[in-house]
Amino acid sequence: MRTATRMVVLGNRQKSVPNPNVDPYLSSVVLFLKGNGTNGSTNIIDRSPTPKTISVFGTAQISTAQSKYGGSSLYFDGTNNCFVGTPVDSIYTLGPDNFTLEMWVYPFSASPNGIMAWNANATMPSLATLNPVYSNFSGAFSFWRQNATVTGLQQLTINTWQHHALVRSGNNFKWFLNGALTVSFSSSESFTGERIVIGTNGVNGFLSFAQFYLSHLRLTKSVRYTANFNPETDTYLNV
């Protein structure tokens, strides 16, 4: 992957250096929801290089009450059928591909069940069966349906912004909390599904809707982080 560069003059020489304002992984980004917009708006825009139309259901909306970057974020009030979803797209069927899923989350409760899921079988807005990816039914980090095999799960912290990143490299997974490696595990399970749903999840038909703010959710089909990092400066989320 080529990294965007700029020229700087050092004495009588020119040197090409990385441009700190251009994401070197931009071409691999397949979903990027910053949550920018006016208060109460339901116009949620995908800022990835190949933008998709985002569908909004219930009372999901943009809010200026909380913001990580840009003055606004996505707000989910936890009521029934309050969520957003991407269109059906095979790009979300990751299979064994490497990826980085990250976001800033501001939960209202210690158990914000249903922050995000891959939707494999249902048609929106009827969500009968979802496969949870992020946030299990006790408010901790969760992976697919293998929660019991993952140790060191971290509870989400209420009323504060936290950066969460899940990175897959081959069969090795790493979960970073605020840039610090917190959980490592291995799995060969394939991610299936044809859309992403934010604000709800479900297991065996049981649905749960979470109350939280969300900012800068980004899915990159590449490994961004292999060791501890600074989520404020090393993610390109605030540019």
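Under the numbering used here, think of the first position of the sequence shown as 19, with each following residue one higher. C-beta: ideal position from N, C-alpha, C; glycine also.
Residue i to residue j span [Cα, whole Å]
i    : j    : result
L119 : T238 : 6 angstroms
S34  : T251 : Only weak support is given to the placement of S34: the predicted model assigns it a pLDDT of 49, under 50, and the value that follows is read from those uncertain coordinates. Those two C-alpha atoms are separated by around 20 angstroms.
N39  : T253 : 11 angstroms
S204 : F191 : 6 angstroms
E212 : A245 : 30 angstroms
H181 : C100 : 22 angstroms
S66  : L44  : 8 angstroms
T175 : N196 : 12 angstroms
Q229 : Y124 : 9 angstroms
L199 : S46  : 23 angstroms
F227 : P42  : 35 angstroms
V257 : S73  : 25 angstroms
Buried/exposed call for residue i, threshold 16 Cβ in 10 Å
i    : result
G76  : buried
S108 : exposed
T21  : Any answer about T21 is weak, because its pLDDT of 45 lies below 50 and its placement is not dependable; what the coordinates show is given next. Exposed, because fewer than 16 other Cβ atoms sit within 10 Å of the Cβ of T21.
V48  : buried
N222 : Per-residue confidence for N222 stands at a pLDDT of 47, beneath the threshold of 50, marking its modelled position as unreliable; the derived number appears in the next sentence. Classification for N222: exposed.
S81  : buried
S202 : exposed
A166 : Because the pLDDT of A166 is 48, which lies under 50, any placement of that residue in the model is unreliable, and the question is left without a value.
T71  : exposed
T218 : buried
S233 : buried
P249 : buried
Residue from the options whose Cα sits closest to the Cα of residue i
i    : options                : result
P105 : G89, I63, N190         : I63
N177 : G58, T210, A83         : A83
V215 : P125, M142, G96, D115  : M142
W122 : P114, Y231, D41        : Y231
S206 : A78, V47, P114         : P114
Y243 : Y110, V185, N256, Q172 : V185
DSSP bridge partner residues for residue i (one or two, in chain order)
i    : result
P69  : According to DSSP, which records beta bridges pairwise, P69 is partnered with nothing at all.
F94  : F230
P125 : F230
M142 : Looking at the DSSP assignment, M142 forms no beta bridge with any residue, so it has no partner.
T210 : BP columns for T210 are empty, so no partner.
R186 : F117, F191
Quiz item: For the region 38-56 against the region 87-106, are there 3 or more C-beta pairs whose distance is under 8 angstroms?
Solution: These segments touch.
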